[in-house]
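These notes concern the structure reproduced below.
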Amino acid sequence: MKRIIPLFICLLIGFSMIIQFFIPHPTSLEFGSTIYKWVIVLIVFALVLAIGNLIRHHGTKIRRQKKDWPYSIVTLSSMIGMAIIGLFWGIQAESLFQKIYLNVFAPLSATMFALLAYYMASAAYRAFRARSLEATLLLAAAFIVMIGFMPFGQYIHPRFPAFAEWVMRVPNMASQRGILLGVAFGAIATALKIILGIERAWLGGKE
Amino acid sequence: MKWYEVISTIDRRIIYVLLTVLVILPFFTRVTIPQNIMPQTQRLFDFIESVPPNDKAVIMTFDYSPQTMPECHPMAKALLKHCFARNIPVIGVSFDPQGPGLAVDAITSVVDRINHYATSKEDSLVYGKDYVYLGWKSGRIAAMLDMGESIAGVFPRDYFGTSVDSFPLMQRIRNYKEVAIAIVLSAAAYPDDWIRYPQTRYGVNIGAGLTAVMAPKYYPFLQTGQIAGMMSGMKGAAEYEKLVLEHGYARELGTAETGMNSQSMIHILIIVFILLGNIGYFFSRRQK
Amino acid sequence: MSTDPWIWIGAFLTLMIFSFLFKDNPFYKFGEHLFVGVANGYYIALYWHNSLKPNLFDPLSAGNYLYIIPLLLGLMYFTRFIPKISWLVRIPIGFMIGWGAGLAIPAHFQAEILRQLEGTVITPESFTNITAGIWSVIIMVGVVCTLVYFFFSREHKGILKPTSRLGIIFIMIGFGASFGYTVMARVSLLIGRIQFLLGPWLGLIR
Numbered sequence: 001m002k003r004i005i006p007l008f009i010c011l012l013i014g015f016s017m018i019i020q021f022f023i024p025h026p027t028s029l030e031f032g033s034t035i036y037k038w039v040i041v042l043i044v045f046a047l048v049l050a051i052g053n054l055i056r057h058h059g060t061k062i063r064r065q066k067k068d069w070p071y072s073i074v075t076l077s078s079m080i081g082m083a084i085i086g087l088f089w090g091i092q093a094e095s096l097f098q099k100i101y102l103n104v105f106a107p108l109s110a111t112m113f114a115l116l117a118y119y120m121a122s123a124a125y126r127a128f129r130a131r132s133l134e135a136t137l138l139l140a141a142a143f144i145v146m147i148g149f150m151p152f153g154q155y156i157h158p159r160f161p162a163f164a165e166w167v168m169r170v171p172n173m174a175s176q177r178g179i180l181l182g183v184a185f186g187a188i189a190t191a192l193k194i195i196l197g198i199e200r201a202w203l204g205g206k207e
Numbered sequence: 208m209k210w211y212e213v214i215s216t217i218d219r220r221i222i223y224v225l226l227t228v229l230v231i232l233p234f235f236t237r238v239t240i241p242q243n244i245m246p247q248t249q250r251l252f253d254f255i256e257s258v259p260p261n262d263k264a265v266i267m268t269f270d271y272s273p274q275t276m277p278e279c280h281p282m283a284k285a286l287l288k289h290c291f292a293r294n295i296p297v298i299g300v301s302f303d304p305q306g307p308g309l310a311v312d313a314i315t316s317v318v319d320r321i322n323h324y325a326t327s328k329e330d331s332l333v334y335g336k337d338y339v340y341l342g343w344k345s346g347r348i349a350a351m352l353d354m355g356e357s358i359a360g361v362f363p364r365d366y367f368g369t370s371v372d373s374f375p376l377m378q379r380i381r382n383y384k385e386v387a388i389a390i391v392l393s394a395a396a397y398p399d400d401w402i403r404y405p406q407t408r409y410g411v412n413i414g415a416g417l418t419a420v421m422a423p424k425y426y427p428f429l430q431t432g433q434i435a436g437m438m439s440g441m442k443g444a445a446e447y448e449k450l451v452l453e454h455g456y457a458r459e460l461g462t463a464e465t466g467m468n469s470q471s472m473i474h475i476l477i478i479v480f481i482l483l484g485n486i487g488y489f490f491s492r493r494q495k
Numbered sequence: 496m497s498t499d500p501w502i503w504i505g506a507f508l509t510l511m512i513f514s515f516l517f518k519d520n521p522f523y524k525f526g527e528h529l530f531v532g533v534a535n536g537y538y539i540a541l542y543w544h545n546s547l548k549p550n551l552f553d554p555l556s557a558g559n560y561l562y563i564i565p566l567l568l569g570l571m572y573f574t575r576f577i578p579k580i581s582w583l584v585r586i587p588i589g590f591m592i593g594w595g596a597g598l599a600i601p602a603h604f605q606a607e608i609l610r611q612l613e614g615t616v617i618t619p620e621s622f623t624n625i626t627a628g629i630w631s632v633i634i635m636v637g638v639v640c641t642l643v644y645f646f647f648s649r650e651h652k653g654i655l656k657p658t659s660r661l662g663i664i665f666i667m668i669g670f671g672a673s674f675g676y677t678v679m680a681r682v683s684l685l686i687g688r689i690q691f692l693l694g695p696w697l698g699l700i701r
């Protein structure tokens, strides 16, 4: 029973979603939309679980005074502070919550990602070697795109940008589509296996 | 140490310093290298050009985060300028939780500037008549599908808490039948959902403004017409800014165009470094 | 130079994170931990106002008791901490997985398989323009060879060997092109930060 009930729920919901997609009747749309609202609620519960884990992790670090524990105070207090501001004073456009979002969260997250520019440049210099035919092709395609899409590309040859565009539109497109189709076939096969209960790894455990 | 060993083991800090200097320098030079326009950007521009004024609306989805603001924010502003200049109403929505703050910033900065130069009341943009921003909704797939029946049903109130039914624009635009195109400005796979769900069911036209990392993946959809047009990365944004300026829809270029000079410098720098690394590798292998 | 304290906060936080390029240091660690905290706090408030309240508590308080189902399903997530009934956690997981799988099948099939195959097949119209016709042939060959490369159910021998070899060539060109685009993306993010420091903060550029 510990396995049959979850498998049955999976089968039931899976099939009803497939059927629902092909019937554009208002009742069917209403059904799909209700199920989706439940899914939203479930996602939030999963998020609660994740945040619970985060609090536990940093709480333990502070209690046991592990390495760098004062930073855990920064994380926990800023999380609680931000949540309280949002929960009690609202999240509308002119709120303090949005001010903190735009002037604390945004610069921090944007700069974290900006660091990638440095790492990418240094990694490309270190690792990008024309060791084989495949690697050479990869390098050539990268150069064509990098030169062709920059404004200076047209000064190397007036048709260089068009050539770069062709690389994107023909060989790149073909490989992207191949991968897309492969992924789509794979996703459908896996989805079917899950709904029909052939793939049961998600149940975990023995019982 | 041989010369080829030197050029293939340059310290990373030298690369970092050069990179920083070359990003900053172009901001203080007055050189602007003209942009060529990529076909997919032109297609998106032409699509908006073909939308009759004061008729169907354009949905813009602000689904990017602060990390990718330098790419998507100028796209949003250029598109807004284009739509407003052609009297095409805009409905803004977000399905990414990080979108709303940036959406409000983009919309208010464009609207304030247009209204600043407006000579008459008719030239000014009015919230609720010319544009609305409906805010963020969790559960995007259901929301995208339900908007095909009723946009106000999914967003009963706008981002600022006003009832959507009170806006003249939303009384006229009820669902996708009155929407010319939905343009997804995004840094994640949001266009996939737009293509899979509302387009398959309601036949909505989809446009995209994507980060450069994502753009190559969407070429297959451009070829099939599932995406009507696309801006890719900062270059796409700069191209759109240029098109909007050339057609007299804007007074000046945006931030993407000025950023492109730095882009050019860094691209040259990275190419040079990759070449140096390979020359070093080639000669050291020959020695062995 | 800006007189807005918020801009100064943004600028300092930006510099704190950039300091990591020199080496790991307390300023970076502070910024990093602040980021994790603020981000989670942001999501808590946002999901409460826009997800949990309108999709669970509002309908429940309005007397729509159907919403007890998602509440119970959600609470089942926490049974994983109670060994005796921990199997109940499989129910919300089964619900979510079933939903995702059911939704994926028709959507992937229509948008990604049918339409993409339509775009690949060569028809007489593909040859209205001779160069466009040649490109269509290359596209079809590329798509087929890429798919063959990922076909692992059979050993790549005989006809499959050269086909998958051609497939990897297309894939490498695709990856190279993607790398070229990625350079542009990553550099854009850095340009954005520099624009912020030089513009709104220092007032050196417009």
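If you read the sequences in order, they're chains A, B and C. Here the first sequence stands for residues 1 to 207, numbered as in our numbering. Here the second sequence stands for residues 208 to 495, numbered as in our numbering. Here the third sequence stands for residues 496 to 701, numbered as in our numbering. Where is the CB? At the ideal position from N, CA and C, for every residue including glycine. The model shown is predicted, which means the values in this text are computed figures rather than measured ones.
Check: Looking at chain B, which residues of the segment 622–635 of chain C have a Cβ within less than 9 Å of any of its Cβ atoms?
Finding: For the segment 622–635 of chain C, the beta-carbon criterion of a distance under 9 Å to any beta-carbon of chain B is satisfied by ILE634.
Margin query: Counting only Cβ pairs nearer than 7 Å, list the residues of chain A close to C/SER546.
Written below: Residue numbering aside, residue 546 of chain C sits at position 51 when the third sequence is read from its first letter. Those are ILE40, VAL44, listed as they occur along chain A.
Note to self: With distance defined between alpha-carbon atoms, name the residue in B/MET421, B/ALA422, B/TRP401 nearest to B/ILE413.
What the structure shows: If you number the second sequence from 1, residue 413 of chain B lands on position 206. If we check each option's Cα against that of B/ILE413, B/TRP401 comes out closest.
Notebook entry, point to check: C/TYR560 versus chain A: which residues are under 8 Å apart at the beta carbon?
Noted result: By one-based count along the third sequence, residue 560 of chain C stands at place 65. Chain order gives no chain A residues near C/TYR560, where near means a beta carbon separation below 8 Å; the closest approach is about 13 Å.
Next item on the list: Determine the extent of the beta strand (DSSP E) in which C/TYR644 is found, giving its start and end residues.
Entry: Taking the third sequence and counting its residues from 1, the one referred to as residue 644 of chain C is at position 149. Careful: C/TYR644 lies outside any beta strand (DSSP E), inside the alpha helix (DSSP H) at 625–644.
Next item on the list: Note down, in chain order, all residues in the segment 656–671 of chain C with a beta-carbon under 9 Å from any beta-carbon belonging to chain A.
Entry: Here the close residues are GLY662, ILE663, ILE664, PHE665, ILE666, MET667, ILE668, GLY669, PHE670, GLY671.
Check: Nearest to A/GLN98 by CA position, among C/LEU541, C/HIS651, C/THR509, C/LEU529, is which residue?
Finding: Locating residue 98 of chain A in the first sequence gives position 98, counting from the first residue. A/GLN98 has its Cα closest to that of C/LEU541, out of C/LEU541, C/HIS651, C/THR509, C/LEU529.
Check: Who are the near neighbours of B/PRO277 in its chain, counting only those whose CB is closer than 7 Å to its CB and skipping five residues on each side?
Finding: Against the second sequence, residue 277 of chain B aligns to sequence position 70. Within the same chain, and ignoring the five residues on either side of B/PRO277 in sequence, the residues whose Cβ sits closer than 7 Å to its Cβ are MET441, GLY466.
Next item on the list: Return the residues of the segment 344–356 of chain B that lie within a Cβ-Cβ distance of less than 8 Å from chain A, sorted by chain order.
Entry: Taking 8 Å as the Cβ-Cβ cut-off against chain A, the residues of the segment 344–356 of chain B that qualify are SER345, GLY346, ILE348, ALA349, LEU352, ASP353, GLU356.
Next item on the list: Would you list the residues sitting across from A/ALA50 in a DSSP beta bridge?
Entry: In the first sequence, residue 50 of chain A corresponds to position 50, counting from 1. The partner list for A/ALA50 (beta bridge, DSSP) is empty, contrary to what the question assumes.
Notebook entry, point to check: What is the C-beta distance between B/SER316 and B/ALA325, in whole angstroms, given that I count them as a contact (C-beta under 8 Å)?
Noted result: Position 109 of the second sequence, counted from the first residue, corresponds to residue 316 of chain B. Position 118 of the second sequence, counted from the first residue, corresponds to residue 325 of chain B. With a contact defined as Cβ atoms closer than 8 Å, B/SER316 and B/ALA325 miss out at about 15 Å.
Note to self: Measuring only the C-alpha atoms, how far is C/SER497 from B/GLU448?
What the structure shows: Sequence index remark: in the third sequence, residue 497 of chain C carries index 2 (1-based). Sequence index remark: in the second sequence, residue 448 of chain B carries index 241 (1-based). Whole-angstrom Cα-Cα distance: 27 Å.
Note to self: Between B/HIS474 and A/MET146, how many whole angstroms is the CB-CB distance? I'm expecting something under 8 Å.
What the structure shows: Counting from one through the second sequence, the residue named residue 474 of chain B turns up at place 267. Counting from one through the first sequence, the residue named residue 146 of chain A turns up at place 146. Right, their Cβ atoms sit about 5 Å apart.
Check: In three-state terms, what does DSSP make of C/THR618?
Finding: Position 123 of the third sequence holds residue 618 of chain C. Coil, per DSSP.
Checklist line | the segment 266–285 of chain B / the segment 391–410 of chain B touching (three or more Cβ pairs under 8 Å) | finding: The answer is yes - the segment 391–410 of chain B touches the segment 266–285 of chain B, with three or more Cβ pairs under 8 Å.
Notebook entry, point to check: Looking at the unbroken beta strand (DSSP E) that takes in B/LEU341, where does it start and where does it end?
Noted result: Position 134 of the second sequence, counting from 1, holds the residue named residue 341 of chain B. 338–343 is the extent of the beta strand (DSSP E) around B/LEU341.
Notebook entry, point to check: When we look at the beta-carbon of A/GLU30 and count the other beta-carbons within 10 Å, is it buried (16 or more) or exposed?
Noted result: Here the question's residue 30 of chain A lines up with position 30 in the first sequence. Its Cβ having fewer than 16 others within 10 Å, A/GLU30 is exposed.
Checklist line | beta strand (DSSP E) segment containing B/MET267, residue limits | finding: Looking up residue 267 of chain B in the second sequence gives position 60. From DSSP, the beta strand (DSSP E) with B/MET267 extends over 264–270.
Notebook entry, point to check: Taking Cβ to Cβ, would you say C/GLN611 is nearer than 8 Å to A/ARG169?
Noted result: Mapped onto the third sequence, residue 611 of chain C falls at position 116. Mapped onto the first sequence, residue 169 of chain A falls at position 169. A/ARG169 sits away from C/GLN611, with the two beta carbons spaced by 8 Å or more.
Next item on the list: Determine, using beta carbons only, whether C/HIS603 comes closer than 8 Å to chain A.
Entry: As a working mapping, residue 603 of chain C is identified with position 108 in the third sequence. So yes, C/HIS603 belongs to the interface.
Item checked: Interface flag, A/THR75 vs chain C, CB-CB below 8 Å -> As a working mapping, residue 75 of chain A is identified with position 75 in the first sequence. Interface criterion met: the Cβ of A/THR75 is under 8 Å from a Cβ in chain C.
Next item on the list: Would you mind sorting A/SER72 into buried or exposed? The rule is 16 or more other CB atoms within 10 Å of its CB.
Entry: Taking the first residue of the first sequence as position 1, residue 72 of chain A is located at position 72. A/SER72 is buried by the Cβ-count criterion.
Notebook entry, point to check: Quick one: what's got a C-beta closer than 8 Å to B/LYS344's C-beta in the same chain, skipping five residues either side?
Noted result: Sequence index remark: in the second sequence, residue 344 of chain B carries index 137 (1-based). Cβ contact annotation for B/LYS344 (same chain, cutoff 8 Å, sequence separation greater than five): VAL300, SER301, PHE302, ALA350, VAL361, PHE362, in chain order.
Check: How about B/ASN294 and B/PRO246: do their beta carbons lie closer than 8 Å?
Finding: Residue mapping note: residue 294 of chain B aligns to position 87 of the second sequence, counting from 1. Residue mapping note: residue 246 of chain B aligns to position 39 of the second sequence, counting from 1. Not in contact: B/ASN294 and B/PRO246 (Cβ atoms no closer than 8 Å).
Notebook entry, point to check: Does the beta-carbon distance from B/VAL371 to B/LEU352 come in below 8 Å?
Noted result: One-based indexing of the second sequence puts residue 371 of chain B at position 164. One-based indexing of the second sequence puts residue 352 of chain B at position 145. Contact: no.
Next item on the list: Count the other C-beta atoms from every protein chain shown that fall within 10 angstroms of the C-beta of B/GLY484, then say buried if there are 16 or more, exposed otherwise.
Entry: By 1-based counting over the second sequence, the position of residue 484 of chain B is 277. B/GLY484 is buried by the Cβ-count criterion.
Notebook entry, point to check: Taking Cβ positions only, does A/MET168 come closer than 8 Å to chain B?
Noted result: Mapped onto the first sequence, residue 168 of chain A falls at position 168. Closer than 8 Å: yes.
Checklist line | Neighbourhood of B/ASP312 by C-beta, 6 Å cutoff - its chain only, sequence neighbours within 5 removed | finding: In the second sequence, the residue the question calls residue 312 of chain B occupies position 105. Within the same chain, and ignoring the five residues on either side of B/ASP312 in sequence, no residue has its Cβ closer than 6 Å to its Cβ.
Notebook entry, point to check: Cβ of A/GLU165 less than 8 Å from any chain B Cβ?
Noted result: Along the first sequence, read from residue 1 onward, the residue named residue 165 of chain A stands at position 165. It does; some Cβ of chain B falls within 8 Å.
Notebook entry, point to check: Does the Cβ-Cβ distance between C/LEU642 and A/LEU192 come in under 8 Å?
Noted result: Start at 1 with the first residue of the third sequence, and residue 642 of chain C comes out as number 147. Start at 1 with the first residue of the first sequence, and residue 192 of chain A comes out as number 192. Their beta carbons are not under 8 Å apart, which means C/LEU642 does not touch A/LEU192 by this criterion.
Check: Is there contact here, the segment 671–682 of chain C with the segment 141–160 of chain A, by at least three beta-carbon pairs under 8 Å?
Finding: Verdict: yes, contact present.
Next item on the list: Answer with yes or no whether the minimum CB distance from A/ASN53 to chain C is below 8 Å.
Entry: In the first sequence, residue 53 of chain A corresponds to position 53, counting from 1. So no, A/ASN53 is outside the interface.
Note to self: Using C-beta distances below 8 Å, list every residue in its chain close to A/VAL167, excluding the 5 sequence neighbours before and after it, in chain order.
What the structure shows: Taking the first sequence and counting its residues from 1, one reaches residue 167 of chain A at position 167. The residues ALA141, ILE144, VAL145, GLY148, in chain order, have a CB closer than 8 Å to that of A/VAL167 in the same chain once the five nearest residues on each side in sequence are set aside.
Notebook entry, point to check: Helix, strand or coil for A/MET1 per DSSP?
Noted result: Sequence index remark: in the first sequence, residue 1 of chain A carries index 1 (1-based). Residue state, collapsed to three classes: coil.
Next item on the list: Using three-state DSSP, classify B/TYR334 as helix, strand or coil.
Entry: Taking the first residue of the second sequence as 1, we reach residue 334 of chain B at position 127. Strand, per DSSP.
Next item on the list: Can you pull the chain C residues whose beta carbon is under 7 Å from the beta carbon of B/GLY436, in chain order?
Entry: Along the second sequence, one-based indexing puts residue 436 of chain B at 229. Per Cβ cutoff of 7 Å: no residues; B/GLY436 is ~16 Å from chain C at best.
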